Amino acid sequence: MISLSKSLAHDWLPIEAVQELGTHQEVSEVLREASRRASAVYTLGSGLRARWGSRPEKLGLGISCASMNRIIDYQPTELTLTAEAGITLAELEATLSASRQWVPGLSGLPGDLQLGGLLAAPFPRPRDWRWGRLAEAVLGLEVVTGEGTHLVLGGAVVKNAAGYRLLRLFLGSWGSLGVITRATLLTRPRPEGTEILTVGMKRATFCETFLQQLAALPLPCLSDVIMCDHRCLTDSDVDLTEELGRRWVMATFLLEGDKLEVDLAKDALGSLADRQNWKVVSISAVSDQALEREVVTCGHAVCQISGVPEQMPMITTHVQELFPGARWWGYLFSGQVLVVDTAREFTVEKIQALRTKMEAEGARVAVLRTPEGTNWPPSVLWGPPHPRHVYAQRWKDICDPAHILNPGRYVFA
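For the sequence shown, my numbering begins at 3 and goes up steadily by one.
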């Protein structure tokens with residue numbers, strides 16, 4: 003057992019010590035004993051999201067599966083890869099790149115993130131609309147429940163869809179149902195060509211005509227459109243700000259596919275930009291990795307808004323009204339918006355006001371990380387319980403009857 007460094011948990015998780023576990027048998031033994039004693043257990047992953055979710059108060063043990071980092075099986079011709087939960091994305095990327103393959107939902111993320119933690123607590127990604135969310139790429143899981151029971155869920159082949167997919171319960175449950183120890187992923191051939199085109203437009207244009215203009219254009223290789231507040235541009239373009247005004251929006255088109263169709267799509271978008279007077283941003287590398295590293299690693303508070311593509315102008319308008327100094331970006335086709343509180347404007351009252359506006363339009367708000375030094379109640383973070391909350395809570399009682407896994411950190415919403 004090793005002492006917990008303050009930098010790892012950011013003074014957030016009430017952990018006495020961290021124990022490194024190397025096999026699922028060791029995980030089972032630790033959880034079985036913790037369940038018997040009703041002692042809290044917190045899963046750490048890479049530690050980069052230690053301050054996410056509701057703040058737990060029950061003192062307990064932190065467990066790390068970082069040493070469980072092997073690739074168990076990789077079959078490029080079968081498009082499947084099985085790896086332990088502690089493997090980093092950089093290691094996965096190196097293995098897949100050798101066969102010119104990838105898992106779209108993992109592409110572009112910081113390489114030090116661990117697979118298990120990412121599966122347990124995912125957040126929206128570009129490419130979700132075209133390639134499917136990360137959960138859809140998971141063919142099989144091995145987990146250990148709060149009682150210490152080892153479960154093998156799903157399978158290791160693509161054609162294995164019989165029965166209810168219990169593994170989906172553990173994806174996105176923030177480690178509150180079980181500890182993920184191994185996963186089998188569906189891989190895909192990497193696209194031949196990838197291009198990024200970033201344009202700036204007046205906010206009024208984005209709200210009024212952008213979606214109509216985009217819908218009229220055939221773009222089979224368009225993976226997503228990342229909409230950003232202009233402050234997300236690292237090296238601000240002074241001329242563009244003077245021409246479009248202080249309130250302008252960036253749209254980054256992510257094109258992936260056959261090289262010829264990517265080139266044709268880029269030409270078509272360039273022609274559309276000329277006709278609509280959109281301004282091509284010279285620094286076109288508005289990378290999703292740079293944006294999401296800010297979400298994952300920086301100390302700012304973060305909230306997530308879940309809607310549909312048509313609601314994106316409405317969502318971002320309300321965000322700018324309530325949080326004029328915040329940075330926001332959204333993935334247009336999945337309707338997901340992330341708001342980063344760079345100006346320290348998040349308060350309970352403003353979050354509740356945002357939630358009221360969003361719920362009136364059918365969108366939902368979740369606070370992924372609260373401001374430093376605060377301890378907001380779960381009702382503020384997650385909002386009112388979803389109608390299916392009662393069923394999720396029953397699964398919690400089945401998988402973790404002693405409620406020892408990450409107690410209080412996540413509320414099924």
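For glycine and all other residues, C-beta sits at the position ideal for the given N, C-alpha and C.
This one's a predicted model, so the numbers in the text were calculated from it and none came from an experiment.
Cβ shell of residue i (< 6 angstroms), same chain only, five flanking positions each side left out
i, result
"V181", "V29, T45 and V146"
"R184", "E86 and E144"
"K359", "H320"
"Y412", "G55, W176 and S178"
"K398", "none"
"K352", "L324"
"S9", "With a pLDDT of 47 at S9, under the threshold of 50, the predicted position of this residue should be treated as unreliable, though the coordinate-derived value follows. Hits under 6 angstroms: none found."
"W14", "A52 and R53"
"D75", "T84"
"L221", "A267"
"R102", "R192"
"A42", "K60, G62, I406 and P409"
"P379", "none"
"R389", "The amino acid occupying residue 389 in the given sequence is Pro; Arg does not appear at that position. Cβ neighbours of P389 beyond the five flanking positions: none."
Contacts around residue i, its chain only, beta-carbon distance under 7 angstroms, and the 5 residues preceding and following it disregarded
i, result
"M316", "E363"
"A287", "Note that A287 scores a pLDDT of 49, beneath 50, so its modelled location is shaky and nothing firm can be said."
"R249", "R205"
"T344", "H302, G327, A328 and R329"
"A139", "V105, G107, L187 and L188"
"W54", "A123, L370 and R371"
"H12", "Because H12 sits at a pLDDT of 46, beneath the cut-off of 50, its placement in the model cannot be relied upon, and the point is left open."
"S336", "P126, D130 and W131"
"G410", "S56, P58, E59 and K60"
"I400", "none"
"A404", "S37, A40 and G148"
Supposed close pair residue i, residue j - CB separation, criterion 8 angstroms
i, j, result
"L271", "L199", "5 angstroms"
"A267", "M203", "That belief does not hold up - the Cβ atoms of A267 and M203 are roughly 18 angstroms apart, past 8 angstroms."
"L136", "G156", "Not really, about 14 angstroms apart at Cβ, beyond 8 angstroms."
"N377", "P58", "Not confirmed; about 10 angstroms, so no contact."
"F255", "V227", "6 angstroms"
"A36", "I406", "5 angstroms"
"G259", "P193", "5 angstroms"
"V264", "L257", "5 angstroms"
"G113", "T79", "Actually they do not touch by this definition, with Cβ atoms about 26 angstroms apart."
"R190", "L81", "7 angstroms"
"L63", "E18", "7 angstroms"
"Q214", "Q278", "Not really, about 11 angstroms apart at Cβ, beyond 8 angstroms."
Residue(s) in a DSSP beta bridge with residue i
i, result
"C401", "The partner list for C401 (beta bridge, DSSP) is empty, contrary to what the question assumes."
"P220", "Answer by DSSP bridge pairing: none, since P220 is not bridged."
"T45", "I65"
"T84", "D75 and T186"
"E22", "S66"
"G332", "M229 and V339"
"M252", "G202 and C230"
"L257", "E197 and L224"
"K281", "G202"
"Q103", "P191"
Proximal residues to residue i (C-beta, below 8 angstroms), its chain only, five neighbours per side dropped
i, result
"S69", "E22, L23, G24 and G88"
"G385", "R357, E361, R366, V367, A368 and A415"
"L219", "A270, L271 and L274"
"D276", "none"
Of the listed residues the options, nearest to residue i (C-alpha basis)
i, options, result
"N71", "D265, L334 and G118", "G118"
"P311", "F325, T319, V321 and G332", "G332"
"E171", "I406, L334, G410 and D402", "Before going on, a small fix: residue 171 reads as Leu here, not Glu. The candidate whose alpha carbon is nearest that of L171 is D402."
"C305", "E149, D269 and R371", "R371"
"S308", "R357, E347 and L324", "R357"
"G148", "A40, Q116, C67 and L81", "A40"
"W131", "S225, G259 and Q116", "S225"
"G47", "Y76, L120 and A92", "L120"
"L115", "G49, W133 and L83", "G49"
"V382", "F348, T207 and Q215", "F348"
"V32", "T79, S109 and H152", "H152"
"C223", "T318, P387, K261 and I17", "K261"
"A92", "T82, G110, R346 and S101", "G110"
"L334", "M229, V392, A217 and W133", "M229"
"V154", "W133, Q322 and H26", "H26"
"Q338", "Q313, Q354 and R346", "Q313"
"V201", "L173, W280 and H232", "W280"
"E374", "V392, H391, R346 and Q354", "R346"
"D231", "Q77, T97, T318 and Y393", "T318"
"C209", "V251, R34, T196 and Q354", "V251"
"V341", "A100, Q322 and Y393", "Q322"
Whole runs of the beta strand (DSSP E) within the region 132-215, excluding any shorter than 3 residues: 140-147, 152-156, 180-188 and 195-204
Quick check for students: name the residue ranges of the alpha helix (DSSP H) that lie wholly in the region 365-398, counting only runs of 4 or more. 380-384
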